[in-house]
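Novice: Would you mind keeping the following structure in view while I ask a few things?
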Amino acid sequence: MVQLVGSLRKELADSLSTCKVLVVGAGGIGCELLKNLVLTGFKNIEVIDLDTIDVSNLNRQFLFQKKHVGKSKAQVAKESALEFCPTANITAYHDSIMNPDYNVEFFRKFVLVMNALDNRAARNHVNRMCLAADIPLIESGTAGYLGQVTVIKKGMTECYECQPKPSQKTFPGCTIRNTPSEPIHCIVWSKYLFNQLFGEEDADQEVSPDTADPEAEWNPEETAARATASEKDGDIKRVSTKDWARSTGYDSIKLFNKLFKDDIMYLLTMDKLWKKRKAPIPLDWQQLENSSCPQEDSTGSGLKDQQVLGVWGQCQLFQHSVETLRSQLQEKGEGAQLVWDKDDAPAMDFVTAAANLRMYIFSMNMKSRFDVKSMAGNIIPAIATTNAVIAGLIVLEGLKILSGQMESCCTIFLNKCPNLRKKLLIPCVLDPPSANCYVCASKPEVTVKLNIHKTTVLSLQDRILKERFGMVAPDVQIEDGKGTILISSEEGETEANNSKFLSDFGIRNCSRLQADDFLQDYTLLVNVLHTEELERDVEFEVVGEAPDKAPPPQANPDEVNSITNGNKESAQPSTSSKAKEDDLMVVDSDDEGASSSSAAATGATKRKHSDAETAETSIKRLRKDQSATPTDDDDDEDDIIELD
Amino acid sequence: MIEKEDPVISEEEAAQYDRQIRLWGLDAQKRLRGSRVLLAGSGGLGAEVAKNLILAGVKGLTLLDHEQVSEESCRAQFLVPVTAQGQNRAQASLERAQNLNPMVEVHADSDRIEDKPDDFFLQFDAVCLTGCSRDLMVRVDQLCSQHNIKVFCGDVYGYYGYMFCNLGQEHSYVEEKPKLVKPSENSNDGPEPKKAKVDPNETVMVKKMASFCSLKEALEVDWTGEKAKACLKRTPVDYFLLHVMLKFRTDKGRDPGPLSFAEDSHLLKQIRDDVLGAMGVSSDLLSDCFVSHCFSEMSPVCAVVGGVLGQEIVKALSQRDTPHRNFFFFDGRKGNGVVDYFGSK
Ligand SMILES: [Zn+2]
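These protein sequence lines are chains F and V, in that order.
For the first sequence, the numbering used here gives the first residue as 1, with consecutive numbering after it.
For the second sequence, the numbering used here gives the first residue as 1001, with consecutive numbering after it.
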């Protein structure tokens, strides 16, 4: 005789009350998930999140109130969830799941792990930990109205990394430095400028005119004579932007004239660039000041953030923010650096002003601070309802797993509009593991094209093994018969190698490197292909993948924010405070591009689903052809395996 | 109604609602901020809808429920404290509901909805009915649509749940579309042939209209005609399941209870045969296995249905984005969520 506890069979209800589960992330999805778990009858729950509560979380992370701002998400979420079910046993960790304390043994304590994360680095890591521990993982993500849930089980399904994710958006250096054509190019430029002036200088974040732009076919020496700006530029070039700025005492008018007048005039001398483009128009501080009216117009009403300032308003904002940032820097003392944060008012003001002035110079419509913040901060809009739906689906998949019905698990997409089969929630079959996956294959292996004379050991470690292949602390040895140790995860052992080139260690074309990550219990064999012919700005290429390129523009702002601007800092395998909030995988979730922000989650790039109807696809579409909404697609034969 | 005021969004609200204003825009948020909603039924689904609307930032939400807190009726009810057994469900939910967002006026009303006079409903911009009888829903739907009040109904039965909405015969809304731009001489595209293209950075608001039928009409679809029979294959079986569950509620004055599983499951099969028979469709449409999965409100199912329902109310009040016409059905065993239209087009 069937016996029910609530909606559940008694046997299932009993097993819920004894099993232990892990929730990774206590943001938008995590809060909803904790509520659903305790109300469904789960009693033993551990939750981990290293983030603290921000006021912008409160529109959806309903376990938090204004009085909790600044406190640990995991801790407050635990306390609030306990009120729903005081007999539950909840453990909260205010920590990063990538901390080595959470090793394979830790993961083995659980019958089920549920991700409620917002960034690709942490998702990659938990994926590997669950594979290593052989624990089923439910992965999830939301972006605006869109969401996805999927189940990952070693040997049965694709893992999170089976399908290559669309790589992070980067823009060619010369587009940023010489020929911006969209607001985002100016915004990226101004964030680089912030770092060049006030933050950590990065050679990859140059902001001055790029004289080596292949399109310019331009020889600076030959044309130097007619370059009115070249003299001043010559002065500036020998020192770094920061040293120069410092030498002026961060004089905002001098900075302005260099950035928005002299550099632009220099660009104008690269005349080939402007044959098919509208040429930029240099700005002059004095002229603008003279011609400005005291009550300058701004457009957009209501909230200050939503107004678009006029040019002189931007100039004043620039001046004011430079002055504030200068004194912040001074207060911090010699050698101090500022870190850009979208929620830091002067930093955000600076980027708004600098980006808008550049947009103006390049004949683009200027944007409100609100809109610049979306793009600069890589903010993914997020609402309570989408997270609620996705968290509900996670628990339903979890119940299947705990009932021993893994085979009936599926991946489910939440769309904004129903597809032509009337489905708003679309369950699809799970794919088997990919035989070539560089993570879950029995002997993971990749081939990387790089220049052995130009790639440093540090770059191999940071850019390739950590950033691209998601390792946390790699050990690398060369398969040269001697087992030469190239990189050791033990501090101090191989630092001396960092700045040397791979060729210095006898690495040649077709050399093989063995990279191990002890924490992830993961070994990757890297085949090196030497090449001299990588494109500009490309450090390496993984064979079988297209090199990172600037993405095409997208259209629908609803979804667009979620996938714009993979910014640089986002690439760090951080679940640092930079890597915010809950959600997403289809597109990563909330806030600033914790890397991946553009990163798709499970299956987000599945070729199988490349057709019309999934959330994933709608996002991909946006990337590709900038037009479609999910319902615009036709209902042609496709090879999505939709479940009825 | 909604247009009667144009509330100003404060900087404080802008900070709290930032992530959703970035999704649906300031105008939608303003309309939401001027809207009052009646939510009948403070069970598991009611709690989810309440949470979603309060977080979204409506002007006012009234929780109307005359029932008392019991273990079974509050299994998925996170707004009711565990110490509130025996209290009125709406009143017991008030404190936590209010704490979700102090900027929303939340009220509790412990009257029976059946006893409320017509006038009562007219103070709201939208009415959402959960846990109500079919007759009551039909009455309120009729009344509200005469007064241009948006009507929503929803319920969760174990692994299953549904939502219905009637936004009136002429619901106008806007949708954001990418802007088409005619290239000008000054564009950066060079001398290539000129044709309109999508500007990735600009969008326009397009005005649209959708039409809805009454709940009565949506529930009284005639399935006997040849044409209707042909449609049957593409009709979600959940529609018929809903009829069965509503009939059970009408007959017993309650929903199936886990403690009377044997008796209720037997009755459910019988009602299934009767109801489908009376509609002129085969009772094979709805196989027996629904019976053991339609008991009690299941929390994750409330979350899914309450999420979709809550978002539809937000869309309707903010007059933003295409509404789902006019039913949403969720089957938590399959993870399937279908939107389908019933009634005259
Ligand atoms: Zn894999």
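Just so it is clear, CB atoms sit at the ideal spot from N, CA and C, and this is done for glycine as well.
Which same chain residues end up closer than 7 Å to F:Lys242 when comparing Cβ atoms and leaving out the 5 residues on each side of it in sequence?
Specialist: Here the set comprises Gln196, Leu197 and Glu201.
Novice: Indicate whether at least one CB of chain F lies closer than 8 Å to the CB of V:Lys1269.
Specialist: For V:Lys1269, the answer is no, since every Cβ of chain F falls outside 8 Å of its Cβ.
Novice: Going by DSSP, what residue range makes up the alpha helix (DSSP H) through F:Val484?
Specialist: First, the amino acid is wrong: residue 484 of chain F is Thr here, not Val. Run containing F:Thr484: none; DSSP gives neither H nor E here.
Novice: For the stretch 1225–1233 of chain V against the stretch 1253–1269 of chain V, are there 3 or more C-beta pairs whose distance is under 8 Å?
Specialist: Cβ pair count under 8 Å is below three, so no.
Novice: List the residues of chain F that V:Lys1233 touches, going by C-beta distances under 8 Å, in chain order.
Specialist: Near V:Lys1233 there are no residues of chain F at all, since even the closest Cβ is about 12 Å away, more than 8 Å.
Novice: Can you give me the start and stop residues for the beta strand (DSSP E) that F:Asn57 sits inside?
Specialist: Taken as a continuous stretch (DSSP letters only), F:Asn57 belongs to no beta strand (DSSP E), as it is neither H nor E.
Novice: Give the secondary structure of F:Cys534 by DSSP, where H, G and I count as helix, E and B as strand, and everything else as coil.
Specialist: Reading the sequence as shown, one finds Leu at residue 534 of chain F and not Cys. Coil, per DSSP.
Novice: Specify whether the stretch 350–368 of chain F and the stretch 311–323 of chain F touch according to this definition: at least 3 beta carbon pairs, one from each stretch, less than 8 Å apart.
Specialist: The answer is yes - the stretch 311–323 of chain F touches the stretch 350–368 of chain F, with three or more Cβ pairs under 8 Å.
Novice: Using a Cβ cut-off of 8 Å (strictly closer), state whether V:Asn1347 contacts chain F.
Specialist: The displayed coordinates of chain V run from 1001 to 1345. Any statement about residue 1347 of chain V would go beyond what the structure contains.
Novice: Could you name the residues that DSSP lists as bridge partners for V:Leu1180?
Specialist: V:Leu1180 pairs with V:Val1198.
Novice: Would you mind giving the Cβ-Cβ distance between F:Val21 and F:Leu34, rounded to the nearest angstrom? I have them listed as a contact below 8 Å.
Specialist: Going by Cβ atoms, the distance from F:Val21 to F:Leu34 rounds to 10 Å, so no, they are not a contact pair.
Novice: Going along the chain, which residues of its own chain have a beta-carbon closer than 6 Å to the beta-carbon of V:Arg1325, five neighbours each way excluded?
Specialist: These residues qualify, in order along the chain: Tyr1341.
Novice: Going along the chain, which residues of its own chain have a beta-carbon closer than 6 Å to the beta-carbon of V:Gly1337, five neighbours each way excluded?
Specialist: Closer than 6 Å at Cβ, skipping near neighbours: Phe1330.
Novice: Around the Cβ of V:Arg1019, are there at least 16 other Cβ atoms within 10 angstroms (buried) or fewer (exposed)?
Specialist: That one is buried.
Novice: Is it the case that the Cβ atoms of F:Thr40 and F:Asn387 are separated by a distance below 8 Å?
Specialist: Taking 8 Å as the Cβ cut-off, F:Thr40 and F:Asn387 do not qualify as a contacting pair.
Novice: For a test of the three-state rule: what should DSSP assign to V:His1324, helix, strand or coil?
Specialist: DSSP places V:His1324 in coil when its eight states are reduced to three.
Novice: Sort V:Lys1216, V:Lys1051 and V:Val1058 by Cα distance to V:Ser1318 and report the nearest one.
Specialist: Cα-wise, what sits closest to V:Ser1318 is V:Val1058.
Novice: Under a CB-based cut-off of 8 Å, is V:Ala1015 close to chain F?
Specialist: Yes, contact with chain F.
Novice: Among F:Pro280, F:Pro183, F:Leu303 and F:Val322, which one has its Cα closest to the Cα of F:Thr248?
Specialist: Nearest of F:Pro280, F:Pro183, F:Leu303 and F:Val322 to F:Thr248, Cα basis: F:Val322.
Novice: To which residues of the same chain is F:Lys400 closer than 6 Å at the C-beta, ignoring the five residues directly before and after it?
Specialist: Hits under 6 Å: Ser408 and Cys409.
Novice: Please go through the same chain and pick out, in chain order, the residues whose beta-carbon is closer than 8 Å to the beta-carbon of V:Glu1202, but skip the five residues on each side of it.
Specialist: If we look at V:Glu1202 and ignore the five residues flanking it on each side, its Cβ neighbours are Pro1178, Lys1179 and Val1181.
Novice: Answer yes or no: do F:Val448 and F:Ile464 have a C-beta to C-beta separation smaller than 8 Å?
Specialist: Contact flag set, yes.
Novice: For a test of the three-state rule: what should DSSP assign to F:Val24, helix, strand or coil?
Specialist: Of the three classes helix, strand and coil, the one that applies to F:Val24 here is strand, per DSSP.
Novice: Within its chain, find whatever has a CB closer than 6 Å to the CB of F:Gly6; leave out the 5 residues flanking it on each side and keep chain order.
Specialist: The answer is none, since no qualifying residue turns up.
Novice: Measure the C-alpha to C-alpha separation of F:Glu495 and F:Asp475 and round it to an integer number of angstroms.
Specialist: Spanning the two alpha carbons is a distance of roughly 12 Å.
Novice: Taking 8 Å as the cut-off, does the stretch 1082–1098 of chain V touch the stretch 1059–1070 of chain V (at least 3 CB pairs, one atom from each stretch)?
Specialist: As far as the Cβ criterion goes, the stretch 1059–1070 of chain V touches the stretch 1082–1098 of chain V, which means the pair count is three or higher.
Novice: Thinking C-beta only, is V:Phe1120 closer than 8 Å to V:Ile1313?
Specialist: Going by C-beta atoms, V:Ile1313 is not nearer than 8 Å to V:Phe1120.
Novice: Could you tell me the boundaries of the beta strand (DSSP E) in which V:Ile1113 lies?
Specialist: No beta strand (DSSP E) contains V:Ile1113, which DSSP labels as neither H nor E.
Novice: Consider the C-beta atom of F:Val439 and the heavy atoms of ligand 1; say whether any pair is separated by less than 7 Å.
Specialist: Checking the Cβ of F:Val439 against ligand 1 gives yes.
Novice: By how many angstroms is the C-alpha of V:Lys1150 removed from the C-alpha of F:Leu414?
Specialist: Cα to Cα, F:Leu414 sits roughly 25 Å from V:Lys1150.
Novice: Are the Cβ atoms of V:Arg1249 and V:His1293 separated by less than 8 Å?
Specialist: No, they are not a contact pair.
Novice: Return the bridge partner residues of F:Pro427 from the DSSP annotation.
Specialist: DSSP lists F:Ile412 as partners of F:Pro427.
Novice: On a Cα-Cα basis, can you pick out the residue from V:Glu1067, V:Phe1078 and V:Ala1076 that is closest to V:Gly1086?
Specialist: That would be V:Glu1067, whose Cα lies nearest to the Cα of V:Gly1086.
Novice: Along chain F, in chain order, which residues have C-beta atoms closer than 7 Å to that of V:Phe1295?
Specialist: Ordered by position in chain F, the residues that pass the 7 Å Cβ test against V:Phe1295 are Leu4 and Ser7.
Novice: With DSSP run on the structure shown, which of helix, strand or coil describes V:His1147?
Specialist: Residue state, collapsed to three classes: coil.
Novice: Give me the Cα-Cα distance between F:Lys67 and F:Asn257, rounded to the nearest whole angstrom.
Specialist: Going from the Cα of F:Lys67 to the Cα of F:Asn257 covers about 46 Å.
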